[in-house]
Ligand code: GTQ
Ligand code: FE2
């Protein structure tokens, strides 16, 4: 793209502009909208209804094969405010993936990291660098950057799940690499328990002193099981005497986020309760696992049901009001903003401001009262 040519009535100035343009230079005094007083947010609050995602996923299953070439049957959530870009918010890809019975999605790897969250169904296996991980309702399964992954469905039933990737961030950094798997043949292994869970998910607060080498930039635990998440949510609500709370999925060894670009959290809101209204820098994708109620995002109000995917753009307040008990999974790009010192958090209900993480002290980041209020204790 050629440098913009500014024109002026003064012939000398006009000549300067001409020469700037030829020299691939632009005068800042003619540029506007760069340093805005607040983020000029691309993307709008949006909801993709679960019923529609299931129906269209199934329709794609009838019509479109999965094989090399078109190797993922995936419907990308496209935020209507992003001019057709296939992103749910400006920094996150969110999609549903549909795999019919006995189908295989072949192995590959890429630098964008992915995670899967399962709203309904079970029976598909994801192999992450050869480690077989079962996918079941409420589970979070990670596919970190540059790990080989493939999916296979040995049973007769189709399965649908949500994928979230940091693709827009990696693409913005011009750091996307992709590679096909080493073999054309599908690896249809299964296992009673993944090696990752055997080593790092055996029991709360326990990690092996001598185990496999730790991966550098992400959690060594690749699956977070619903039974554990559910139990932890109950325990915290009970202990806090709260009506709603948010738990963060963490690296069991180092305590930080599960992956360097994506933060995963689960919010439980008991029937009749409402969360605080909070906004923070960076984008977020929500996925309703259980229950029904209202999700408020900016000026929008969405009546939600299981399977719904919602977009929370940067610096847009959001809150949940539960009609019956709601479990809500969410992914944000918060680790990126934290790492760069760009995180701002504002709780509009309590009036508290914060910056979420200070330095590398993840405990500060996790502590509800120094950041945003992550639970509705005694309210
Ligand atoms: O399952 O490997 O939604 O590579 C987008 C890209 C899923 C996957 C997506 C992918 C995958
Ligand atoms: Fe992939």
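Numbering (full-length UniProt numbering), first residue to last: 1 to 379. Quick reminder that beta carbons are idealized off the backbone N, C-alpha and C, glycines included. Being a predicted model, the structure only gives us computed values, none of them experimental.
Taking the Cβ of residue 152 as the reference point, every heavy atom of the ligand FE2 lies at 7 Å or farther away.
If you check the C-beta of residue 339 against the ligand FE2, you find no heavy atom less than 7 Å away. Remark: the shortest separation between the CB of residue 322 and any heavy atom of the ligand GTQ does not fall under 7 Å.
For residue 146, no beta strand (DSSP E) run applies, since DSSP gives it neither H nor E. The segment 219 to 230 makes contact with the segment 191 to 201, as at least three CB pairs between them are under 8 Å.
Around the beta carbon of residue 142, 16 or more other beta carbons lie within 10 angstroms, which makes this residue buried. Per DSSP, the beta bridge partners of residue 267 are 246, 328. The way I'd put it, the segment 81 to 94 does touch the segment 309 to 329; three or more beta-carbon pairs between them come closer than 8 Å. A direct Cα-Cα distance of roughly 50 Å separates residue 29 from residue 253. In the three-state DSSP reduction, residue 311 falls in the strand class (E or B).
Taken through DSSP and simplified to helix, strand or coil, residue 257 comes out as strand. In this structure, residue 290 keeps its C-beta atom at 8 Å or more from the C-beta atom of residue 345. Within the model, the alpha-carbon separation for residue 132 versus residue 116 is close to 14 Å. Residue 181 is positioned such that its CB atom lies no closer than 8 Å to that of residue 260. Excluding residues up to 5 positions away in sequence, 73, 75, 98 lie with their Cβ nearer than 7 Å to the Cβ of residue 60 in the same chain.
Approximately 7 Å separates the beta-carbon atoms of residue 186 and residue 150; this is inside 8 Å, confirming the contact.
Beta-bridge annotation (DSSP): residue 294 is paired with 303, 321.
For residue 148 and residue 179, the gap between their C-alpha atoms comes out near 9 Å. For the ligand FE2, no non-hydrogen atom lies closer than 7 Å to the CB of residue 46.
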